[in-house]
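These protein sequence lines are chains A and B, in that order. Residues 1 to 398 (UniProt numbering) are what the first sequence spells out, left to right. Residues 1 to 267 (UniProt numbering) are what the second sequence spells out, left to right.
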Amino acid sequence: MTTSQSTILGHFGQYGGRFVPEALIGALEELEAAHISALKDPIFQAELAQLHLTYTGRPSILTEAKRFAEYAGGARILLKREDLNHTGSHKINNVLGQALLTKRMGKKRIIAETGAGQHGVASATAAALMGLECVVYMGEEDTRRQSLNVARMKILGAEVVPVTTGSRTLKDAINEAMRDWVTNVETTHYLLGTVAGPHPFPTMVRDFHKIIGEEAKIQVQELVGRLPDAVLACVGGGSNAIGIFHDFIGDASVRLIGLEAGGDGVETGRHAATITGGTAGVLHGTRSYVLQDENGQTVESHSISAGLDYPGVGPEHAYLHDIGRAEYRAITDAQAMEAFSLLSKTEGIIPAIETAHALAGAIQVGKELGPDAVLLINLSGRGDKDVQTAAEYFGIPL
Amino acid sequence: MTTTLDQLFVKVRAENRAALIAYIPAGFPTIEGCKKAIKALVAGGVDAIEIGFPYSDPVMDGPIIQEAAERSLSQGTSAADVFSALKCATEAGVAAVVMTYWNPIERYGVDEFAKSIADNGGSGVITPDLTIEESDRWIAATKNNGISPIYVVAPSTNDSRLSKVTQRCSGFIYAASLMGVTGTRTSISSGASDLVGRIRKVSDLPIAVGLGVSNQAQAREVAGYADGVIVGSAFIKCLLEAQTEEKGLQAITDLAKDLAKGVREGR
Numbered sequence: 001m002t003t004s005q006s007t008i009l010g011h012f013g014q015y016g017g018r019f020v021p022e023a024l025i026g027a028l029e030e031l032e033a034a035h036i037s038a039l040k041d042p043i044f045q046a047e048l049a050q051l052h053l054t055y056t057g058r059p060s061i062l063t064e065a066k067r068f069a070e071y072a073g074g075a076r077i078l079l080k081r082e083d084l085n086h087t088g089s090h091k092i093n094n095v096l097g098q099a100l101l102t103k104r105m106g107k108k109r110i111i112a113e114t115g116a117g118q119h120g121v122a123s124a125t126a127a128a129l130m131g132l133e134c135v136v137y138m139g140e141e142d143t144r145r146q147s148l149n150v151a152r153m154k155i156l157g158a159e160v161v162p163v164t165t166g167s168r169t170l171k172d173a174i175n176e177a178m179r180d181w182v183t184n185v186e187t188t189h190y191l192l193g194t195v196a197g198p199h200p201f202p203t204m205v206r207d208f209h210k211i212i213g214e215e216a217k218i219q220v221q222e223l224v225g226r227l228p229d230a231v232l233a234c235v236g237g238g239s240n241a242i243g244i245f246h247d248f249i250g251d252a253s254v255r256l257i258g259l260e261a262g263g264d265g266v267e268t269g270r271h272a273a274t275i276t277g278g279t280a281g282v283l284h285g286t287r288s289y290v291l292q293d294e295n296g297q298t299v300e301s302h303s304i305s306a307g308l309d310y311p312g313v314g315p316e317h318a319y320l321h322d323i324g325r326a327e328y329r330a331i332t333d334a335q336a337m338e339a340f341s342l343l344s345k346t347e348g349i350i351p352a353i354e355t356a357h358a359l360a361g362a363i364q365v366g367k368e369l370g371p372d373a374v375l376l377i378n379l380s381g382r383g384d385k386d387v388q389t390a391a392e393y394f395g396i397p398l
Numbered sequence: 001m002t003t004t005l006d007q008l009f010v011k012v013r014a015e016n017r018a019a020l021i022a023y024i025p026a027g028f029p030t031i032e033g034c035k036k037a038i039k040a041l042v043a044g045g046v047d048a049i050e051i052g053f054p055y056s057d058p059v060m061d062g063p064i065i066q067e068a069a070e071r072s073l074s075q076g077t078s079a080a081d082v083f084s085a086l087k088c089a090t091e092a093g094v095a096a097v098v099m100t101y102w103n104p105i106e107r108y109g110v111d112e113f114a115k116s117i118a119d120n121g122g123s124g125v126i127t128p129d130l131t132i133e134e135s136d137r138w139i140a141a142t143k144n145n146g147i148s149p150i151y152v153v154a155p156s157t158n159d160s161r162l163s164k165v166t167q168r169c170s171g172f173i174y175a176a177s178l179m180g181v182t183g184t185r186t187s188i189s190s191g192a193s194d195l196v197g198r199i200r201k202v203s204d205l206p207i208a209v210g211l212g213v214s215n216q217a218q219a220r221e222v223a224g225y226a227d228g229v230i231v232g233s234a235f236i237k238c239l240l241e242a243q244t245e246e247k248g249l250q251a252i253t254d255l256a257k258d259l260a261k262g263v264r265e266g267r
């Protein structure tokens, strides 16, 4: 069986687990217990479902991209519109779940890391909704790339702390959030934004996002009368990808394809394609693929997309890769920006640059499979936050 | 198998005092400067040295050790440099261990790492982010090579977990004095003595307290209830703030002398 239900210790094959200071073990055990009890609690589930119906805007719709499909070998291109969720990306699914768990554990303060700012904005939103104090750690480099989202978080009442250590990006924001958590663990929940980190995060965050694939599976079958041939999603830490993949893992006919950030090209060394170009190792509390040197030091990643600019990846993806259930490809900055522009001009949808990596993958896979193929793509986020980066990239004067 | 570290704790118990353990990252302030610092620490009277393996993502460390690690890594410090610093410490006549996050061990090779520790005279390895659940290979490797796996416990560690962790530990138990990252603090949290008391109920191993200890008064206080006093950031701060290498080395010798006095006056 290829479903990757994690074990009690949070292992996916040789990946996952818990590599953290002993100081955090109590909090991780408390969180695991809260998550397990919430899964079985109909009141918790009803509360989350009601929030998704009346606040997130779920179920998210499915849009067929017919004009875009002409550039993708004529394959049918179906977009799962997570960009239409409140706050503009899939991230809200996880933060609402974890914010409810925070209240369940009696904690009043959340901390979060953010790269592109989408998870930070979603966390600040959930904190505002539920009356929690919120501190968001964000690499200084990313606060520059994503200044609009910094302002959004502040408007929502969150404190944004620019992180000036290391590469000043997502990896360093996670380090700083973990330092805060070690210090304030009694009062604080670390609302981790992706399917990485120590157990139970990879399993728990997956559980809050798997609704994407569950909805999409029904929507695709209603529309085309069968399962898709392939499901595609971009992969940084991998939360939107695992969310749309998970319900299809048992469907052997459905290819699962993750698109990593190839930056300037994997061969240049300037990329964030962790599975394609990395090796097994431990980073941020979990064993997975890591971009590292011969001494086990993390190597800085590079991507035009702040949200994918991370030298690690969720352990379940590492496992799905190794057992051959999912495949991972690298998309360069240039390919992603071409797809970004193409979807905008053919469908009137400006995608997040992260998501554009999945769209570039759809162009490749569509051409490979031809017009009879049905591709489901997770349109994980909208591109409003990327307008400045895109304008600079395409030379549009601001 | 008895290590130099085990012998040290037998000796300090006989002298009715605590051991003074100093932390310094390999390659800091430079590859050669680190070796001079080790000798300066030994000259000041430290009983044991922890050689830090500088790491790119030190989530347990505060700004001082982060800066030291960044400086060290910018000079390309490698595993070989860690082992050569370890050898320098053991040849200077003190017990020595390595403190490292887990990934560099896994990358180097779990068995090979334990062997290199033993080959260079090291007594053990402190692994702050390795949980006992992920330790099977490491425990076997340390046993095969006659070195001690040393775990860090925290004030938040409950009694049943303390019992499980300390059972896998040898050499000493590293008790984190507070919930937080490394760095100097103005006072030692009362949580430290409570934690040491709870560990005593489940283990006979020596207990060394670290995190936040920076001066003689604090060393004296901690030596009142612990078997070892660990000081890191305070030494590194001396080296970071010194105008010349010579002044920095003198400053850490002086601080070591102060602290060595403190650990002898605690009881």
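Just so it is clear, CB atoms sit at the ideal spot from N, CA and C, and this is done for glycine as well. Note that the coordinates shown come from a computational prediction; the quantities given were computed from them, not determined experimentally.
> What first and last residue would you give for the beta strand (DSSP E) that runs through Met138 (chain A)?
Replying inline: Mapped onto the first sequence, residue 138 (chain A) falls at position 138. For Met138 (chain A), the enclosing beta strand (DSSP E) covers residues Glu133 to Gly139.
>> Rounded to the nearest angstrom, what separates Asn94 (chain A) and Pro202 (chain A) at their Cα positions?
In response: Indexing the first sequence from 1 puts residue 94 (chain A) at position 94. Indexing the first sequence from 1 puts residue 202 (chain A) at position 202. For Asn94 (chain A) and Pro202 (chain A), the distance between alpha carbons rounds to 11 Å.
> Tell me which same chain residues have a C-beta within less than 7 Å of the C-beta of Pro198 (chain A), skipping the five on either side of it?
Replying inline: What you label residue 198 (chain A) is simply residue 198 of the first sequence in a count that begins at 1. Exclusion of the five residues before and after Pro198 (chain A) leaves Arg18, Phe19, Val20, Leu28, Gly285 and Thr286 as the residues of its chain whose Cβ lies within less than 7 Å of its Cβ.
> What separation, rounded to the nearest whole angstrom, lies between the Cα atoms of Glu267 (chain A) and Arg255 (chain A)?
Replying inline: Residue 267 (chain A) sits at position 267 when you count from the first residue of the first sequence. Residue 255 (chain A) sits at position 255 when you count from the first residue of the first sequence. When rounded, the separation of the alpha-carbon atoms in Glu267 (chain A) and Arg255 (chain A) is 26 Å.
> How many whole angstroms separate the CB atoms of Gln146 (chain A) and Ala390 (chain A), which I take to be in contact at a CB cut-off of 8 Å?
Replying inline: Translated into positions along the first sequence, residue 146 (chain A) becomes position 146. Translated into positions along the first sequence, residue 390 (chain A) becomes position 390. Going by Cβ atoms, the distance from Gln146 (chain A) to Ala390 (chain A) rounds to 13 Å, so no, they are not a contact pair.
> Under a three-way DSSP split, which group does Lys257 (chain B) fall into?
Replying inline: The count along the second sequence starts at 1 and reaches residue 257 (chain B) at position 257. Here Lys257 (chain B) sits in helix by DSSP.
> How is Lys108 (chain A) classed by DSSP in three states: helix, strand or coil?
Replying inline: Residue mapping note: residue 108 (chain A) aligns to position 108 of the first sequence, counting from 1. Note: Lys108 (chain A) maps to coil in three-state DSSP.
> So, does the CB of Ala23 (chain A) fall closer than 9 Å to a CB anywhere in chain B?
Replying inline: If you number the first sequence from 1, residue 23 (chain A) lands on position 23. Yes - at least one Cβ of chain B is within 9 Å of the one on Ala23 (chain A).
> Comparing the C-beta of Leu205 (chain B) with each C-beta of chain A, is any distance below 9 Å?
Replying inline: The sequence position of residue 205 (chain B) within the second sequence is 205, counting from 1. It does not; no Cβ of chain A falls within 9 Å.
>> Going by C-alpha to C-alpha distance, which of A:Ser253, A:Glu222, A:Thr194 and A:Ala128 sits closest to Ala240 (chain A)?
In response: Indexing the first sequence from 1 puts residue 240 (chain A) at position 240. The sequence as given places Asn at residue 240 (chain A); Ala does not occur at that position. Asn240 (chain A) has its Cα closest to that of A:Thr194, out of A:Ser253, A:Glu222, A:Thr194 and A:Ala128.
> To the nearest angstrom, how far is it from the Cα of Ala96 (chain B) to the Cα of Gly124 (chain B)?
Replying inline: As a first step, residue 96 (chain B) is located in the second sequence; it is residue number 96 there, counting from the start. As a first step, residue 124 (chain B) is located in the second sequence; it is residue number 124 there, counting from the start. The alpha-carbon of Ala96 (chain B) is positioned some 8 Å away from that of Gly124 (chain B).
>> Cutting at 6 Å between CB atoms, please list the residues of its own chain near Thr3 (chain A), excluding the five before and the five after it.
In response: As a first step, residue 3 (chain A) must be located in the first sequence, where it is residue number 3. Its pLDDT being 40, under 50, Thr3 (chain A) is placed unreliably in this model, and the value from its coordinates should be taken loosely. The answer, listed in chain order, is Ile249 and Gly250.
> When the cut-off is 9 Å and only beta carbons count, does Arg267 (chain B) lie next to chain A?
Replying inline: Walking along the second sequence from the start, residue 267 (chain B) turns up at place 267. Answer no: the Cβ-Cβ gap between Arg267 (chain B) and chain A never drops below 9 Å.
>> Please state whether the Cβ-Cβ distance between Ile350 (chain A) and Gly383 (chain A) is less than 9 Å.
In response: If you number the first sequence from 1, residue 350 (chain A) lands on position 350. If you number the first sequence from 1, residue 383 (chain A) lands on position 383. Yes, they are a contact pair.
> What residue ranges within the stretch 159 to 215 of chain B form continuous alpha helix (DSSP H) runs of no fewer than 4 residues, ordered along the chain?
Replying inline: If one requires a minimum length of 4 residues, the alpha helix (DSSP H) runs lying completely within the stretch 159 to 215 of chain B are 159 to 168 and 191 to 202, in chain order.
> With 16 as the cutoff for other CB atoms within 10 Å, does Ala80 (chain B) come out buried or exposed?
Replying inline: What you label residue 80 (chain B) is simply residue 80 of the second sequence in a count that begins at 1. When all chains shown are included, Ala80 (chain B) counts as exposed.
>> Measuring only the C-alpha atoms, how far is Gln364 (chain A) from Asp229 (chain A)?
In response: Within the first sequence, residue 364 (chain A) is the residue found at index 364, counting from 1. Within the first sequence, residue 229 (chain A) is the residue found at index 229, counting from 1. CA-CA distance, Gln364 (chain A) to Asp229 (chain A), rounds to 14 Å.
> Quick one: does His284 (chain A) have its CB under 9 Å from some CB of chain B?
Replying inline: Locating residue 284 (chain A) in the first sequence gives position 284, where the first residue counts as 1. Chain B has a Cβ within less than 9 Å of the Cβ of His284 (chain A).
>> Please tell me whether Asn94 (chain A) has its Cβ less than 9 Å away from any Cβ of chain B.
In response: Translated into positions along the first sequence, residue 94 (chain A) becomes position 94. So no, Asn94 (chain A) is outside the interface.
> Is Gln14 (chain A) helix, strand or coil when you go by DSSP?
Replying inline: Residue mapping note: residue 14 (chain A) aligns to position 14 of the first sequence, counting from 1. It is coil, neither helix nor strand.
> Hey, is Thr298 (chain A)'s beta-carbon within less than 9 Å of any beta-carbon in chain B?
Replying inline: Counting from one through the first sequence, the residue named residue 298 (chain A) turns up at place 298. Output row for Thr298 (chain A): interface = yes.
> From Met1 (chain A) to Pro315 (chain A), what does the alpha carbon distance come to, in whole angstroms?
Replying inline: To locate residue 1 (chain A), count along the first sequence from 1; it is residue 1. To locate residue 315 (chain A), count along the first sequence from 1; it is residue 315. Confidence at Met1 (chain A) is low in this model, with a pLDDT of 34, below 50, so the placement of that residue should be treated as unreliable; the coordinate-derived value is given next. Each residue's Cα considered, the two are about 18 Å apart.
> Considering only C-alpha positions, which residue in the set A:Gly281, A:Ala336 and A:Gly381 is nearest to Asp83 (chain A)?
Replying inline: Position 83 of the first sequence, counted from the start, is the residue given in the question as residue 83 (chain A). Closest option to Asp83 (chain A), Cα to Cα, is A:Gly381.
> Within this structure, are the beta carbons of Thr125 (chain A) and Ile174 (chain A) separated by less than 9 Å?
Replying inline: The residue labelled residue 125 (chain A) in the question sits at position 125 within the first sequence. The residue labelled residue 174 (chain A) in the question sits at position 174 within the first sequence. Cβ atoms of Thr125 (chain A) and Ile174 (chain A): not closer than 9 Å.
>> Using C-beta distances below 8 Å, list every residue in its chain close to Glu70 (chain A), excluding the 5 sequence neighbours before and after it, in chain order.
In response: By 1-based counting over the first sequence, the position of residue 70 (chain A) is 70. Only residues of its own chain outside the window of five on either side were considered, and among them Thr346 have a CB closer than 8 Å to the CB of Glu70 (chain A), listed in chain order.
> Any heavy atom of the ligand COA within a distance shorter than 8 Å of the CB on Gly139 (chain A)?
Replying inline: The ligand COA is absent from the structure shown, which contains no ligand whatsoever.
> Residues of chain B with a CB under 8 Å from the CB of Lys171 (chain A): which are they?
Replying inline: Reading the first sequence from its first residue, position 171 is the one you call residue 171 (chain A). Residues of chain B with a Cβ closer than 8 Å to the Cβ of Lys171 (chain A) are, in chain order, Asp57.
> Taking Cβ positions only, does Arg270 (chain A) come closer than 9 Å to chain B?
Replying inline: Counting from 1 along the first sequence, the entry for residue 270 (chain A) is found at position 270. For Arg270 (chain A), the answer is no, since every Cβ of chain B falls outside 9 Å of its Cβ.
> With distances taken from CA atoms, which of B:Leu195, B:Asn215, B:Ile21 and B:Pro63 is nearest Leu240 (chain B)?
Replying inline: In the second sequence, the residue the question calls residue 240 (chain B) occupies position 240. The candidate whose alpha carbon is nearest that of Leu240 (chain B) is B:Pro63.
> Beta-carbon of Met60 (chain B) versus every beta-carbon of chain A: anything under 9 Å?
Replying inline: Translated into the one-based positions of the second sequence, residue 60 (chain B) becomes position 60. Taking a beta-carbon distance threshold of 9 Å, Met60 (chain B) counts as an interface residue toward chain A.
>> If distances are taken between C-alpha atoms only, which option among B:Ala68, B:Trp102, B:Val12 and B:Ala219 comes closest to Tyr151 (chain B)?
In response: Sequence index remark: in the second sequence, residue 151 (chain B) carries index 151 (1-based). Selected option, being the one with the closest Cα: B:Trp102.
> Going along the chain, which residues of the stretch 166 to 184 of chain B sit with their C-beta nearer than 9 Å to a C-beta in chain A?
Replying inline: Per Cβ criterion, the list reads Ala176, Leu178, Met179, Gly180 and Val181.
> So, helix, strand or coil for Thr2 (chain A), using DSSP?
Replying inline: As a working note, residue 2 (chain A) is residue 2 in the first sequence. Confidence at Thr2 (chain A) is low in this model, with a pLDDT of 36, below 50, so its placement is unreliable and the value that follows should be read with caution. Thr2 (chain A) sits in coil when the DSSP states are folded into three classes, being neither helix nor strand.
> Should Met1 (chain B) be labelled buried (16 or more other beta-carbon atoms within 10 Å of its own) or exposed?
Replying inline: Within the second sequence, numbered from 1, the residue matching residue 1 (chain B) stands at position 1. Exposed, since its Cβ has fewer than 16 Cβ neighbours within 10 Å.
> Is the Cβ of Ala112 (chain A) closer than 9 Å to any Cβ of chain B?
Replying inline: Against the first sequence, residue 112 (chain A) aligns to sequence position 112. No, Ala112 (chain A) lies away from the interface with chain B (no Cβ there is under 9 Å from its Cβ).
> Gln292 (chain A) versus chain B: which residues are under 8 Å apart at the beta carbon?
Replying inline: Taking the first sequence and counting its residues from 1, the one referred to as residue 292 (chain A) is at position 292. Chain B residues near Gln292 (chain A): Asn103 and Arg107.
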